[in-house]
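A.B. asks: From first to last, the protein sequence lines are chains A and B.
Position in the first sequence counted from 1, then plus 12, gives you the working numbering.
Position in the second sequence counted from 1, then plus 2, gives you the working numbering.
The structure under discussion is supplied below as structure tokens; questions concerning it will follow.
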Amino acid sequence: MHARSVGIRIAAVVGFGLAALVLHAQADDASRSILKGAAVEYLFPEQVTVAAGKASDVTLHFRVAAGYHINSHTPREEFLIPTTFSIPDGTGVRLDKAVYPAGTDFTLPLDPTDKLSVYNNEFTIQARIVAEAGNHLVEGKLRFQACDKSACLPPRTIPVAFNVVGK
Amino acid sequence: MKRNTLVLTVVLFILSTFAWAGWANYEYRKQAADRMLASVAQGELVLDPATGTPQYLSPLKGKPAPPFVLEDLNGKKVSLASYKGKAVLINFWATWCAPCKIETPWIIELRNQYASRGFEVLAISADDLNRDDPKELAKDKLEIAQSAQKLHINYPVLIDGGSLDKPYGGLDELPESFFVNRKGVVVAAQLGLTSKDDIESNIKKALGN
Chain A
13 MHARSVGIRI AAVVGFGLAA LVLHAQADDA SRSILKGAAV EYLFPEQVTV
63 AAGKASDVTL HFRVAAGYHI NSHTPREEFL IPTTFSIPDG TGVRLDKAVY
113 PAGTDFTLPL DPTDKLSVYN NEFTIQARIV AEAGNHLVEG KLRFQACDKS
163 ACLPPRTIPV AFNVVGK
Chain B
3 MKRNTLVLTV VLFILSTFAW AGWANYEYRK QAADRMLASV AQGELVLDPA
53 TGTPQYLSPL KGKPAPPFVL EDLNGKKVSL ASYKGKAVLI NFWATWCAPC
103 KIETPWIIEL RNQYASRGFE VLAISADDLN RDDPKELAKD KLEIAQSAQK
153 LHINYPVLID GGSLDKPYGG LDELPESFFV NRKGVVVAAQ LGLTSKDDIE
203 SNIKKALGN
């Protein structure tokens, strides 16, 4: 009985140890990918079911990498690149309208007077889509330009892929 | 007896698992270190474990600045070689880069301050150029010119900086600056917004002070 109890405890410690190793490895990967420029990640949904031929709202969820921000859809300065979502033609799903969240204020430490309108952490875009009947793989695109407190990454476009079932 | 054997087997299994986990962790870290070294060879930001802040490691430091010939906003070819004998700050920037707009006035002031001692700045725009469409290309050039004008840049502005991303270590983030001495050797590099003092200190290194 005692031996079994000790065995269970050791097994639990091993389990925790392995879980910590896996989580640590994932955290290292995340920090590397941030510096390589993958500053925004599409989260979900993977699949939505909508009424065919009718406008339907789909909420798309995104995450901005820790320490980075991207310009909102309506940056205050003309030279800044706005975040935009689009769906290419010919996919059986049309983007009728995209509603973007308001940006939050952000100032660079070396220029506290200039407020930027940005998204950071997680944000959503409300996409109003019209789908034909059937199954469609939507390969939308999110264009954005990310910076941290001192440097900027080049503008990027990432795929926003999700299945749309039009019924 | 059977129970002892069972417990011994379980303990051996667990110890083996620990050993395997340790080996796997070592291999993972070794591979991560190799990846980091490979990326440093391309010019990369790496996190300083002591401060937790990104630091720029440029493989170009101490080496001859990669040569280039780029067009300025008027279409005139400008070569780095023509600046030999001068200390040169090669400043990569872009119209969409907010931190670049903060450091540009500092660079203008420093250029005015040190020009008489043989210092020059070459601003190289990393903005994408649509070379397939002459109208779009003209529009791209106009936007760069307007941005440079708004910033009161009084030194040469070259375009198509993206063509230098490989020789200059990736140019993954902006602003990025390389300080070249009179012999054409890179003596310092900066990635991201730092401070006017840092820039001035590196200019002095390039001038040989």
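We put the beta carbon where it would ideally sit given N, CA and C, even for glycine.
I want to see whether chain B comes within less than 8 Å of A/G123, judged by CB atoms only; does it?
C.D. replies: What you label residue 123 of chain A is simply residue 111 of the first sequence in a count that begins at 1. The question names Gly, yet the displayed sequence has Asp at residue 123 of chain A. Output row for A/D123: interface = yes.
A.B. asks: Less than 8 Å between the CB atoms is what I'm expecting for A/A163 and B/L176, so what's the real figure, rounded?
C.D. replies: Residue 163 of chain A sits at position 151 when you count from the first residue of the first sequence. Residue 176 of chain B sits at position 174 when you count from the first residue of the second sequence. Contact holds; Cβ gap of about 6 Å.
A.B. asks: At a Cβ threshold of 8 Å, is A/F156 touching chain B?
C.D. replies: Here residue 156 of chain A is taken as the residue at index 144 of the first sequence, counted from 1. With 8 Å as the cut-off, A/F156 does not count as an interface residue toward chain B.
A.B. asks: Do we get a CB-CB distance below 8 Å when we pair B/D174 with the residues of chain A?
C.D. replies: One-based indexing of the second sequence puts residue 174 of chain B at position 172. Among the residues facing chain A, B/D174 is included, as its CB has a counterpart in that chain under 8 Å away.
A.B. asks: Do B/V188 and B/A67 have their beta-carbon atoms positioned less than 8 Å apart in this structure?
C.D. replies: Within the second sequence, numbered from 1, the residue matching residue 67 of chain B stands at position 65. Within the second sequence, numbered from 1, the residue matching residue 188 of chain B stands at position 186. The answer is yes: Cβ separation under 8 Å.
A.B. asks: In chain order, what residues of the same chain have a beta carbon less than 6 Å from the beta carbon of A/R106, not counting five sequence neighbours either side?
C.D. replies: For the purposes of this step, residue 106 of chain A is identified with residue 94 of the first sequence, where counting begins at 1. If we look at A/R106 and ignore the five residues flanking it on each side, its Cβ neighbours are V142.
A.B. asks: Using the Cα positions of B/D162 and B/L75, report the straight-line distance between them to the nearest angstrom.
C.D. replies: Looking up residue 162 of chain B in the second sequence gives position 160. Looking up residue 75 of chain B in the second sequence gives position 73. Whole-angstrom Cα-Cα distance: 10 Å.
A.B. asks: Which residue or residues does DSSP assign as beta-bridge partners of A/H81?
C.D. replies: Stepping through the first sequence from its first residue, residue 81 of chain A is reached at position 69. A/H81 is bridged to A/C159.
A.B. asks: Rank B/N114, B/L112, B/I109 and B/I104 by C-alpha distance to the C-alpha of A/L120 and give the top, closest one.
C.D. replies: As a working note, residue 120 of chain A is residue 108 in the first sequence. Residue B/I104 is the option with its Cα nearest to A/L120.
A.B. asks: How many Å lie between A/P113 and A/T96 at the Cα?
C.D. replies: Here residue 113 of chain A is taken as the residue at index 101 of the first sequence, counted from 1. Here residue 96 of chain A is taken as the residue at index 84 of the first sequence, counted from 1. Looking at the backbone, the Cα of A/P113 and that of A/T96 are separated by about 11 Å.
A.B. asks: Starting from the C-beta of A/I46, find all residues in its chain whose C-beta is less than 6 Å away, skip the five residues before and the five after it, and write them out in chain order.
C.D. replies: Counting from one through the first sequence, the residue named residue 46 of chain A turns up at place 34. Here A/I46 scores only 38 on pLDDT, less than 50, and its place in the model should not be relied on; the value that follows carries that caveat. So the qualifying residues of the chain are A77.
A.B. asks: Counting along the chain, where does the alpha helix (DSSP H) carrying B/Y116 start and finish?
C.D. replies: Taking the second sequence and counting its residues from 1, one reaches residue 116 of chain B at position 114. Residues A100 to Y116.
A.B. asks: Inspect the CB distances between the segment 154-168 of chain A and the segment 106-119 of chain B and report whether three or more fall short of 8 Å.
C.D. replies: The segment 154-168 of chain A vs the segment 106-119 of chain B: no contact.
A.B. asks: So A/I99 and A/G152 are supposed to be a Cβ contact under 8 Å. How far apart are they, rounded?
C.D. replies: On the first sequence, residue 99 of chain A is found 87 positions in, with the first residue counted as 1. On the first sequence, residue 152 of chain A is found 140 positions in, with the first residue counted as 1. Right, their Cβ atoms sit about 5 Å apart.
A.B. asks: Give the straight-line distance between the Cα atoms of A/T136 and A/D126, rounded to the nearest whole angstrom.
C.D. replies: Taking the first sequence and counting its residues from 1, one reaches residue 136 of chain A at position 124. Taking the first sequence and counting its residues from 1, one reaches residue 126 of chain A at position 114. C-alpha of A/T136 to C-alpha of A/D126: approximately 25 Å in a straight line.
A.B. asks: Hey, could you find the ends of the alpha helix (DSSP H) B/P136 is sitting in?
C.D. replies: Working through the second sequence from its first residue, we reach residue 136 of chain B at position 134. Looking at the DSSP string, the run of the alpha helix (DSSP H) that includes B/P136 is P136 to K152.
A.B. asks: Taking only beta-carbon atoms, is A/P100 less than 8 Å away from chain B?
C.D. replies: Here residue 100 of chain A refers to the residue found at position 88 of the first sequence. So no, A/P100 is outside the interface.
A.B. asks: Within 10 Å of its beta-carbon, does A/E89 have 16 or more other beta-carbons around it, so buried, or fewer, so exposed?
C.D. replies: On the first sequence, position 77 is the one that residue 89 of chain A refers to. Exposed, since its Cβ has fewer than 16 Cβ neighbours within 10 Å.
A.B. asks: Which residue marks the beginning of the alpha helix (DSSP H) containing B/K206, and which one marks its end?
C.D. replies: As a position in the second sequence, residue 206 of chain B is number 204, starting the count at 1. Counting along the chain, the unbroken alpha helix (DSSP H) around B/K206 starts and ends at K198 to L209.
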